[in-house]
Each structure stands twice: as C-alpha cells, then as structure tokens.
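Number of protein chains: 2
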Amino acid sequence: MEKTPRIKDIAAAVGVSPATVSRALTGTGLVAEPTLTRIRDAAASLGYRPNVSARNLRTQRSMAVLMVVRDVGNPFYLEIFKGVEAAAREAGYSVLMGNTEDDPDREAEYFEMLGDGHADGMILMTGKLPTRETREAAPDRPVVVALEMIEGSSFPHVLIDNEAAAREAVEHLIGLGHTRIAHVTGPIPEGMSKRRLQGYRQAMENAGLAVPEEYEARGDFGLKSGQDACARLMSLASPPTAIFTASDSMAFGVIGKLSDLGMAVPGKVSVMGFDDLFLSEAFQPPLSTVCQPRADIGREAMTILLQKMTGGPVPADAVIMPTTLQIRGTTAPPTTT
Amino acid sequence: MEKTPRIKDIAAAVGVSPATVSRALTGTGLVAEPTLTRIRDAAASLGYRPNVSARNLRTQRSMAVLMVVRDVGNPFYLEIFKGVEAAAREAGYSVLMGNTEDDPDREAEYFEMLGDGHADGMILMTGKLPTRETREAAPDRPVVVALEMIEGSSFPHVLIDNEAAAREAVEHLIGLGHTRIAHVTGPIPEGMSKRRLQGYRQAMENAGLAVPEEYEARGDFGLKSGQDACARLMSLASPPTAIFTASDSMAFGVIGKLSDLGMAVPGKVSVMGFDDLFLSEAFQPPLSTVCQPRADIGREAMTILLQKMTGGPVPADAVIMPTTLQIRGTTAPPTTT
DNA sequence: TTGTATGCGTTATCAA
DNA sequence: TTGATAACGCATACAA
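Just so you know, the sequences run in chain order A and B.
So in my numbering, spot 139 of the first sequence is number 139, and the numbers just go up one at a time.
So in my numbering, spot 285 of the second sequence is number 622, and the numbers just go up one at a time.
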C-alpha cells in the first residue's frame, strides 16, 4: 500500500496472473466466479486505480473529448459545457475545453491535439471550416459541429433554426405595433449572424415594412458593440422604436446606452435580445429574448459524438433544436403610433 | 504518410536510431548539428506529432492539471479559468475542469483522477477540506487552493482578504451616511461567507452602529436567495436603507425585488454587491460592488502549482490578492436622514 | 477458465 | 555524439 498498486500487485496478492486480473477488472466476463470476487476485493482493499496513460497507450484511446469554442470567457457556453459534460461523464469520458479566440492557428492546434491522442473526438463550435491542412492533423477522428453551420462539410450538426427564431422575435415586435424596427447584427461574415439577419429581413418584408440600410447595425455579439450600435441608431433622422439584437450581451449594451440617452425601456424603445443568458431574467427590466436550449444542445452534440466514436449511426441531417420566445419586460407597444 | 508517423518512421527516413530522434525532438541538446536539423526537417515534413499516451506513460506525467470548482455553471469561475488556462498553456499544460456540485463523492473522484494519472496537479476551489481518505487517493500530488481557505491544511492558498473587502464595502455605505445597513450572507458554514459577514460586523461596530439580528439575512450566493432575503428585510418594522450582499448575483436578486416593491435604487435603498461579474457594469443602474482580480487569482494559482510540480519554492503563507471597490450607480446617500 | 508472451510509442540507461 | 536495450502499465492473441 506504499506506492499506488499495479495490476501485478493484485495478481500477486490473489495468486493469479496479471492477465486474469486485467480481464476481471475490465469486465470482459471471462473470469470464473470465485476468482472474480477475490480479485475485486483485493483491488478495492489495495485501492487500485488503473493507470490511464498505460491503458490509453494500449487501447489507443484517451476517453476524453475536446470542446472547442471561440471564447471561453463568454458565459453563453457554460450551459452548453454542462450539457456536454453530463453526457460525457455518463459515458466515462472527460471533457477538455479549447479556446480559439478566433485564431486559426489555435484551431489547428486543437486538431493536432485530436491527432496526437489527447482526445478521441471533438465538438466544434467555432463556425469556421477548418482548412484541409488543419483537418488532416486528425484525419479520421470524429467531429461534431454545434451551434454553427459549416456549409459543405460532412460533419454532423446540432443547432437551432437561427433564421426562424429571429423571424419570430421580430414578428413579436411587429405584433406589438412597431414599424420602425432596427437590428444589431453579430459579426457578419459568419453564418449564425447572417441567418439571424435573414430572419429579421424576412419578417420585415412579410409585414411590408421598410428596412432602411442604416437599420442594420453591425455588432460583434459583445456588450460594447451594442452600445455603439445603439448610439448610431438613435442619432438617425428617423430612429427606430424597437431594436432586435443578435445577442443578449448586445441587448444589455443597447439598454445601457438608451438609459444614458434618457430613453425609457420599454416606454420609448423596445429591446429584444437573443440567447437568454442566466442574468437576462434578473435584468431590470427583465429582458425579452429568444431562449436557446443550451444544455440540450450540448447533451445532444455529445450524444452524437459518442455514437460516432463507437461506430454507431449518426443523423444524416442537421439536428435542429427548438427555441422559445421569452417575452418579458423590455418589449411593449410603441407610444408614438 | 499513410498512418500517423512514429519516431521510428523518422529514424528510418533519416537513417538514425529512434533514440537519437527522441533526443533531437525533446531538445535535450545532445544531438550534433547536421543530424539535428535533418531530423527536425523529416519530422516536420512527415507531420510527426508525439503520441501523448506513450509519452505520459514513459514520463509518468500527463502535462494536465485539474481545476475543480463547486459549480461550473457559475460564470464567476470563467475569468479564473481564463487565468489558469493562460498560465497553463504557456507552460505546455492542458486544463481539465472538474465540477463537484458540492458532492463529496465527486470531489473524491477528482482526487482519484489525480492519482490515476489524469492530471499532475490540482487547483481546488471547493472550500471543503478533503477527508484523509479522499486525500490519500493522490497522496503526493500537488494541490493549490484558490478563493477559499482550508484551515489547518498545508496546501498553498491564493485568495483575497474577504473580511477587509467586506469591511471596506460597508464603510463606503457608512460614509454615504447610512446607518441602517443590512447584509445578505452567503451559505454560512463556509469560510468565505463567514469572513464577509465578519467584515460587515466589524465595520458596523467600528462605526458604533447597531446590527439587529434580522439584518443578517441568510443567502446562498444565488439570485433567488437575494430576492427572498430582500423581501424579509423590507418587511421589517425598521427596514434598512442600504443592503450589502455577499455576491453580485444576490445583489441582482435584491434589486429585482426592490423594483417589484416599488422602491427605487439607489433613491430609496442603496445596494452593494461583491464579485463584479461581467454584467454588473452593464446592469441598470450599474452595480456598485467589490471587484476581485479573478484572472489574476487563476494565473497566480496556476503559477504556484507549476512551481510545486517542478519542485520549486512555494510561498509559505497564503497569497492575498488585492480587491478594489467599484462605486457605480446603486449606492447613494440615504434620503431619510 | 487461466497463463504466457507480446506490443502499444516513448524516453532513459548504459555502452560504444 | 550515437545506438542498442529496457521499461513504463496495461490489454490482448494465442496457447494450455
């Protein structure tokens, strides 16, 4: 009990061969009953724990998965991580967090970690198509894409219908009677932002409402970009009476700026977010927003990844998770109708 | 280039022994110049990546550390994680996140992961003293405690002076002229909450102010407990004019409840939080709070852990990180003076 | 059902 | 400066 015990220590204690101990402990079911329990008891009393490095080397697996996001600092990913982690734990896997900060080199690095045995599979949420070179650092390791859509790739996808969700959000504002509705977008070359913008445009077009070019204000999902966008919007000759932002963080920025400008929310201007962060409900006034089932997305992505890793069937099409509109305190009918 | 190349493939390509290749690639500096570059070139052109399982097995290290928190879902830990991760990356380590959810079994599990080679060291932020049995799952693996204080343990600690920080926060309220100041505590058997409570009491006592028993309202750091505590406080015969909460989340709950009750912040009641979450500044009104240098705490803890792992010197006493008072929009002089 | 022998890919020891 | 060899701890093919 001095050093951490090895298989051969158990073998010696019980009086069998190391191979038998290994079989007994990995549960291959090929060990007779009397020996089986004796081995288990000995392992327990010695406090045996299999050495993961040795096992990984022998089995060529790490029992770990990599979850790669573009910014760990964004609390948005927390709930997703919890979903991923819960599903992983149940299957005996650990989860490694990767943070690219939108740096292609970092992304390549994580593919390399996949190739060198750090992890057996990856859940990718960066929204970038890895270059062929990057991809080849881990040619045949399973990858599942979540949240984002990587066009033209054969990876399984788990995400929401960003376009429809955005459309519904804007339709809610239209339903309240708003006609001058602006949108603060996410970073634009990217799919998620583009789809939300599409949804906004569709809703406006369906309602026969005009979208002046200046009503599509560019943001980057961050709080500050919401403030800036709001300042630009409210200085227009014909400022909007409602603002739909592509993230809750930007909605907070917008509301902060409106408050600075002395415009009441939702009295003067309605604001609608997207994400439903954990603080959105506690915000004053509570934020109306689009709720994504984040934990479920994480869990689903991990479940599919597990299937891929074990050679099971994986869905051929993208898995679409349902969103729900959370109507709270920042949206109201316009006052100047 | 079919399969991922191994050391012996490089050796064969260059015409040297595997041992030499290993030496060249690990940079032990014992390889002559002409061969050195030839090996490096060959490794690069073949796209060689060392197999981590084999290396870990041989070196008896995993080049990974475990960061264990009581609730990954709490965004508070994000900044700390970033600090830990940055320092770890620089030293070539990966970071595994562990989540105990206050379950002693889970905590024991992470100590076992430490013992079985999943990680070489651990940063513990759960505030619980591991039982001797738990601890023995990884007898001589380095552990650093952050945020919390585990009395009577010999682990290095990195944390803030909770007592002093709380005292300063309350002194700010006193300085504004408040006399009826209540405190919403964290979960109480725990050190961090107790120290903040002590700081509150000290400041009150130093100023000669009374602390009715009901002014110490019990919370659990969570948003909802802030709402509940606030409801109790404001229904007192002599309700407070200022409330100091032991976390920002609870401050948000308090403000929400005050808003429900029609009491303006800071017009009727001042509110002071503790943590400075990323949304606290964007909150309306912006939250006055105590700012902890979270990323620095993470970085410092990781730095000390690295020193312990490499056998370097570690600070004998707890490392105290500085806090700063963030006075923003939720604190003001009392109206009824 | 169990034991023997081998190899996973790397690094460390020893000799040359 | 380099090469041969062993060993890290485990799981498996094969033999008994």
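Ideal Cβ positions, reconstructed from N, Cα and C, are used throughout, including at glycine.
Keep in mind the model is a prediction, meaning the values are calculated, not measured.
- Y552/B and A282/A have their C-alpha atoms spaced approximately 23 Å apart.
- Between V265/A and D453/B, the gap from beta carbon to beta carbon reaches 7 Å or more.
- According to the DSSP assignment, H515/B belongs to no alpha helix (DSSP H), since it is labelled neither H nor E.
- Not a single C-beta of chain A is nearer than 7 Å to the C-beta of S607/B.
- For secondary structure counted as the alpha helix (DSSP H) over 4 or more consecutive residues, the region 199 to 263 of chain A holds these complete runs in sequence order: 223 to 234 and 248 to 260.
- Exposed is the label assigned to E470/B, since fewer than 16 other Cβ atoms lie within 10 Å of its Cβ.
- When Cβ-Cβ separations below 7 Å define contact, K8/A makes no contact with chain B.
- Collapsing the DSSP output to three states places N393/B in a helix.
- In the DSSP annotation of this structure, the continuous segment of the alpha helix (DSSP H) that includes L643/B starts and ends at R631 to M646.
- Taking 8 Å as the Cβ-Cβ cut-off, the region 430 to 449 of chain B approaches chain A at S431, V432, L433, M434, N436 and E449, given in chain order.
- DSSP places I460/B in the uninterrupted beta strand (DSSP E) bounded by G458 to L461.
- Under a criterion of Cβ atoms nearer than 7 Å, the residues of chain B adjacent to F252/A are, in order, L616 and A619.
- Counting the other CB atoms within 10 Å of its CB gives P659/B a total below 16, which places it among the exposed residues.
- Identification of chain A residues near G454/B by a Cβ-Cβ cut-off of 7 Å yields N51, V52 and S53, ordered along the chain.
- With contacts defined by Cβ atoms closer than 7 Å, D612/B and F413/B form a contacting pair.
- Residue state for L383/B is assigned as helix, using DSSP reduced to three classes.
- Taking 7 Å as the threshold, the shortest C-beta distance from L261/A to chain B does not fall below it.
- Bridge partners of T335/A according to DSSP: none are assigned.
- 7 Å or more divides the Cβ of A54/A from the Cβ of A119/A.
- By the neighbour-count criterion, in which 16 or more other beta carbons inside 10 Å mark a residue as buried, T647/B falls on the exposed side.
- Nearest C-alpha to R407/B among E422/B, T437/B and A380/B: T437/B.
- Of the other Cβ atoms in all chains shown, fewer than 16 fall within 10 Å of the Cβ of Q60/A; this residue is therefore exposed.
- Shown here, G435/B sits in a strand according to DSSP, grouped into three states.
- The straight-line gap separating the alpha-carbon atoms of S607/B and V481/B is approximately 37 Å.
- Secondary structure of H118/A (DSSP, three-state): coil.
- Flagged as an interface residue toward chain A: N393/B, by a C-beta distance shorter than 7 Å.
- At the C-beta level, G191/A and A166/A stay beyond 7 Å of one another.
- The CB of K128/A never comes closer than 8 Å to any CB in chain B; the least such distance is about 20 Å.
- Annotation: Cβ neighbours of S399/B in chain A (cutoff 8 Å, chain order): V52 and S53.
- Only residues of its own chain outside the window of five on either side were considered, and among them G666 and T667 have a CB closer than 6 Å to the CB of P622/B, listed in chain order.
- Annotation: Cβ neighbours of L223/A in chain B (cutoff 9 Å, chain order): F615, L616, E618 and A619.
- At a beta-carbon threshold of 8 Å, the residues of chain A lying near E422/B are V72, M97 and N99, ordered along the chain.
- Judged by their CB atoms, A638/B and A483/B are nearer to each other than the 7 Å cut-off.
- Less than 7 Å divides the Cβ of S249/A from the Cβ of L223/A.
- Beta bridge pairing from DSSP links V145/A with L124/A and H157/A.
- If you ignore the 5 residues before and after T20/A, its C-beta comes within less than 8 Å of the C-beta of A11, V31, T35 and I39, all in its own chain and listed in chain order.
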